[in-house]
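Only one structure is covered here, and it is reproduced in the block below.
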Amino acid sequence: MTGLAFALLLSASLAGYVMNRRAALALRDGGQRLHSLGMFHGLYALLLVLVPAFVVTVLWIMLQGSAINALTMSGLPDGVVTDAVNPQLILTEIQSIAGGRIFGEPEPWKLEAAERMNSLHAASGWLLVLVVAALSAALLYTSRRQVAADFRARQAAERIVMGLMITCSLIAVFVTIGIVFSLVFESVRFFQMVPLTDFLFGTRWEPQIPIRADQVAAEGAFGVIPVFLGTLVITFVAIFIAVPVGLMSAIYLNEFASRSFRAVAKPILELLAGIPTVVYGFFAILTVAPALRAWGAALGIPVAPNTALAAGGVMGIMLIPFISSFADDALSAVPRSLRDGAIALGATRSETVLNVLFPAAIPGIMGGVLLAVSRAIGETMIVVMAAGLIATMNINPLDSVTTITVQIVTLLIGDTAFDSPKTLAAFALGLMLFIVTLFINILALRIVRKYREQYD
Amino acid sequence: MYDTTRPEMNVDQLHTKISARNVQVFYGTKQAIKDLNVEIQDKTVTAFIGPSGCGKSTFLRCINRMNDTIDSARVEGEIMMDGSNIYDRGVDPVQLRAKVGMVFQKPNPFPKSIYDNVAYGPKIHGLARNKAEMDEIVETALRGAALWTEVKDRLQESGTGLSGGQQQRLCIARAVATAPEVLLMDEPCSALDPIATSQVEELIEQLRSQFSVVIVTHSMQQAARVSQKTAFFHLGNLVEYGDTDDIFTRPQDSRTEAYISGRIG
Chain A
420 MTGLAFALLL
430 SASLAGYVMN
440 RRAALALRDG
450 GQRLHSLGMF
460 HGLYALLLVL
470 VPAFVVTVLW
480 IMLQGSAINA
490 LTMSGLPDGV
500 VTDAVNPQLI
510 LTEIQSIAGG
520 RIFGEPEPWK
530 LEAAERMNSL
540 HAASGWLLVL
550 VVAALSAALL
560 YTSRRQVAAD
570 FRARQAAERI
580 VMGLMITCSL
590 IAVFVTIGIV
600 FSLVFESVRF
610 FQMVPLTDFL
620 FGTRWEPQIP
630 IRADQVAAEG
640 AFGVIPVFLG
650 TLVITFVAIF
660 IAVPVGLMSA
670 IYLNEFASRS
680 FRAVAKPILE
690 LLAGIPTVVY
700 GFFAILTVAP
710 ALRAWGAALG
720 IPVAPNTALA
730 AGGVMGIMLI
740 PFISSFADDA
750 LSAVPRSLRD
760 GAIALGATRS
770 ETVLNVLFPA
780 AIPGIMGGVL
790 LAVSRAIGET
800 MIVVMAAGLI
810 ATMNINPLDS
820 VTTITVQIVT
830 LLIGDTAFDS
840 PKTLAAFALG
850 LMLFIVTLFI
860 NILALRIVRK
870 YREQYD
Chain B
231 MYDTTRPEMN
241 VDQLHTKISA
251 RNVQVFYGTK
261 QAIKDLNVEI
271 QDKTVTAFIG
281 PSGCGKSTFL
291 RCINRMNDTI
301 DSARVEGEIM
311 MDGSNIYDRG
321 VDPVQLRAKV
331 GMVFQKPNPF
341 PKSIYDNVAY
351 GPKIHGLARN
361 KAEMDEIVET
371 ALRGAALWTE
381 VKDRLQESGT
391 GLSGGQQQRL
401 CIARAVATAP
411 EVLLMDEPCS
421 ALDPIATSQV
431 EELIEQLRSQ
441 FSVVIVTHSM
451 QQAARVSQKT
461 AFFHLGNLVE
471 YGDTDDIFTR
481 PQDSRTEAYI
491 SGRIG
């Protein structure tokens, strides 16, 4: 039935296009001067029919399920829904019976309710088709009546398209707001169980709390500092590798490399950016970590199997193209006249780069570095595979550390109740991650924007 | 029109600073300058005039080897400066450019303070032994560029915050600060308003007492106002070269006459 409804609204809007365009052209052929081209008259009809009918159909599909459920439940005989039974369970059972999945011997009233549910579904489908047909016809009629020589069809159609564009851009905004709110609400629930100060200033992170009352388990501690410290260590290692390597390669490729070297090296560098992070994770855990252990053993230094150095180092490699392409853009954006000015004063190439190009490009480079930092903080796959799980207060990169993202993943994996502090802690961590990266991003965008204004 | 009675001009013996012999410049396969010969005198303002694309800027950029920075550019022939070829293999273009300053069409101050802009050249060439000497160099250069009184109280402000005319004079001060022997100016007034233009022209007149100035200009009035010698370029050829008075009043070549009377270009 839904398919039929969609077919109906599509053909109605196409019919509207053809009809109104013909009508407009007929007016023109009759000797009148049209305000808008015939195409716009057609487009106006098409949009006028398509948009409302489409919205109605989608809303119908979204809302019909809960409406039918409510109707089914209210039609149940008195007395079967008691406080002892969760009505949600009854509804689920009725739904599976209606879907043909019958287990055991259900009571007759359940069978009856399932039958009613199915007939409601069928009726709803037909009603939808009817509503769409009526709506389309009404809109077709309205739009057809508006065709006139001085009707501003172009402006009308443009207004509708503008409205569509506004809606599309608002979707992103509302989704962001929705994500923030869901994080905030769950975090608030968490902070009702664990005080905010314990979370922010606690130095122990042991989220293994008992799920059942009789279970033997630790009592749980939710101090975020060791987790945050781990994130910082890994981010620091990553940035420590990515910034010098990325910057140097950008300067070399931009200023010194021959054209042929550049033609080969640049695409390969950019290829790094296209490698999925899970592949980097393999690389970290199968290649880098064992190599580090072997070196450590050779030098007599104890190295953990999942070190911050391995995870952070591989993350740094992942960020190299990020930094280098930002730095490359920033260096290329420095006007040629500045370069010429320095060279004409007798500056060598390296003096030109160091004293003139680099300072002029530094805001752009800083913006890129900050965006890389926020990516490193939020990066998940590499650290899930290569970093540790236990939160410890240490900053030794040869030791195992854990990160915020790793903890979020482990907290939400497996059978967990959504009202225990263990699960809700993931939202608090997520909120924290969100706030930190948001601030870094805002800072980065400000710096980048400021630098754009300088040369325009 | 111009002041030939400056006392120091009469005392100094004018000699040839730069002499170009059979210079050819190619951009890829396209020849931009054909067989150019010219002698540029010391302590003289020499103007290069000619229609767009005639090669005057290209030749100017040969004198401090700025064309080296363009991959496809190739220079043949020789350009002698004080008797030695600047295109010799042993010549370091970096040191050459310290002796041959350049001012560009568009003011291009570095995004640094006014002081640092002027001090940059002396700093990289090690001209000052201490801060006091550097201060003196900066002040002298800014005075030489007739900018000192305007900026002396805000030397630490950014050079890009100055007006267009001030920026161009800052660029001149920057070039002067390295104590060059030749100053090349590539249409230095084309981005400036008339008042700033006249300030820069006055400045050029003063700079002549210290070194040889070569200026590319599209404005024939400007060439007539500021220069003692004028070279007319057309389609990559140096058509005519001589005293500015002669070029503008008694041109020998019909193309020169056509250009200065506004019929070509």
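Protein chains in written order, with the numbering used here: chain A, 420 to 875; chain B, 231 to 495.
Just so it is clear, CB atoms sit at the ideal spot from N, CA and C, and this is done for glycine as well.
C-beta contact flag for residue i and residue j at 8 angstroms
i: V348 of chain B; j: R404 of chain B; result: yes
i: M734 of chain A; j: E689 of chain A; result: no
i: R295 of chain B; j: L764 of chain A; result: no
i: R623 of chain A; j: G642 of chain A; result: yes
i: R251 of chain B; j: G331 of chain B; result: no
i: E417 of chain B; j: Q335 of chain B; result: yes
i: V802 of chain A; j: I660 of chain A; result: no
i: H448 of chain B; j: S420 of chain B; result: yes
i: L602 of chain A; j: L850 of chain A; result: yes
i: L549 of chain A; j: W528 of chain A; result: no
i: G395 of chain B; j: L422 of chain B; result: yes
i: N297 of chain B; j: G760 of chain A; result: no
i: T460 of chain B; j: I477 of chain B; result: yes
i: V664 of chain A; j: I739 of chain A; result: yes
i: V333 of chain B; j: L437 of chain B; result: no
i: S555 of chain A; j: A431 of chain A; result: yes
Whole-angstrom distance between residue j and residue i, CA atom to CA atom
i: T421 of chain A; j: H454 of chain A; result: 38 angstroms
i: E238 of chain B; j: S439 of chain B; result: Low confidence applies to E238 of chain B: its pLDDT is 47, below 50, so where it sits in the model is not reliable, and the reading given next is rough at best. Rounded to the nearest angstrom, the two C-alpha atoms are 7 angstroms apart.
i: D346 of chain B; j: N813 of chain A; result: 45 angstroms
i: E363 of chain B; j: L372 of chain B; result: 14 angstroms
i: L848 of chain A; j: A795 of chain A; result: 16 angstroms
i: I832 of chain A; j: G597 of chain A; result: 23 angstroms
i: L456 of chain A; j: V468 of chain A; result: 19 angstroms
i: N537 of chain A; j: A517 of chain A; result: 6 angstroms
i: L651 of chain A; j: A710 of chain A; result: 23 angstroms
i: G313 of chain B; j: G783 of chain A; result: 46 angstroms
i: A752 of chain A; j: L672 of chain A; result: 14 angstroms
i: D242 of chain B; j: Q458 of chain B; result: With a pLDDT of only 48 at D242 of chain B, under 50, the local geometry of the prediction cannot be trusted, and no value is derived from it.
i: D747 of chain A; j: T706 of chain A; result: 30 angstroms
i: M231 of chain B; j: A277 of chain B; result: In this predicted model, M231 of chain B has a pLDDT of only 47, less than 50, meaning its place in the structure is not dependable enough to derive any value.
i: P552 of chain A; j: S543 of chain A; result: Before going on, a small fix: residue 552 of chain A reads as Ala here, not Pro. Rounded to the nearest angstrom, the two C-alpha atoms are 14 angstroms apart.
i: F609 of chain A; j: L857 of chain A; result: 21 angstroms
i: N240 of chain B; j: G786 of chain A; result: Here the model assigns N240 of chain B a pLDDT of 45, short of 50, so the residue's position is not dependable, and the following value carries that caveat. Near 59 angstroms, if we compare the C-alpha coordinates of G786 of chain A and N240 of chain B.
i: L776 of chain A; j: V443 of chain B; result: 28 angstroms
CB contact check: residue i to chain A, cutoff 8 angstroms
i: Y350 of chain B; result: yes
i: P418 of chain B; result: no
i: R404 of chain B; result: yes
i: M239 of chain B; result: Any answer about M239 of chain B is weak, because its pLDDT of 45 lies below 50 and its placement is not dependable; what the coordinates show is given next. Answer no: the Cβ-Cβ gap between M239 of chain B and chain A never drops below 8 angstroms.
i: F441 of chain B; result: no
i: R327 of chain B; result: yes
i: P281 of chain B; result: no
i: P498 of chain B; result: Because chain B in this structure spans residues 231 to 495, residue 498 of chain B falls outside the shown range and cannot be described.
i: P481 of chain B; result: no
Chain B contact for residue i (CB, 8 angstroms cutoff)
i: N673 of chain A; result: no
i: D759 of chain A; result: yes
i: Q770 of chain A; result: The sequence as given places Glu at residue 770 of chain A; Gln does not occur at that position. Chain B, which has a Cβ nearer than 8 angstroms to the Cβ of E770 of chain A, makes this yes.
i: V775 of chain A; result: yes
i: P778 of chain A; result: yes
Chain A residues whose Cβ lies nearer than 7 angstroms to that of residue i
i: T299 of chain B; result: I762
i: H195 of chain B; result: Since the first and last residues shown for chain B are 231 and 495, residue 195 of chain B lies out of range.
Interface partners of residue i on chain A, CB under 8 angstroms
i: V324 of chain B; result: G765, A766 and T767
i: M296 of chain B; result: D759, I762 and A763
Cross-strand partners of residue i (DSSP beta bridge)
i: I279 of chain B; result: B:F462
i: I402 of chain B; result: The partner list for I402 of chain B (beta bridge, DSSP) is empty, contrary to what the question assumes.
i: D473 of chain B; result: B:K459
i: A640 of chain A; result: A:E625
i: A250 of chain B; result: B:V268 and B:I309
Listed by chain order, chain D residues near residue i by CB distance under 7 angstroms
i: M332 of chain B; result: No chain D is present in this structure, whose protein chains are A and B.
Residues that residue i contacts on chain B, provided the C-beta gap is smaller than 7 angstroms
i: S756 of chain A; result: F334, K336 and N338
Partner residues on chain A for residue i, Cβ-Cβ distance less than 9 angstroms
i: T408 of chain B; result: L764 and G765
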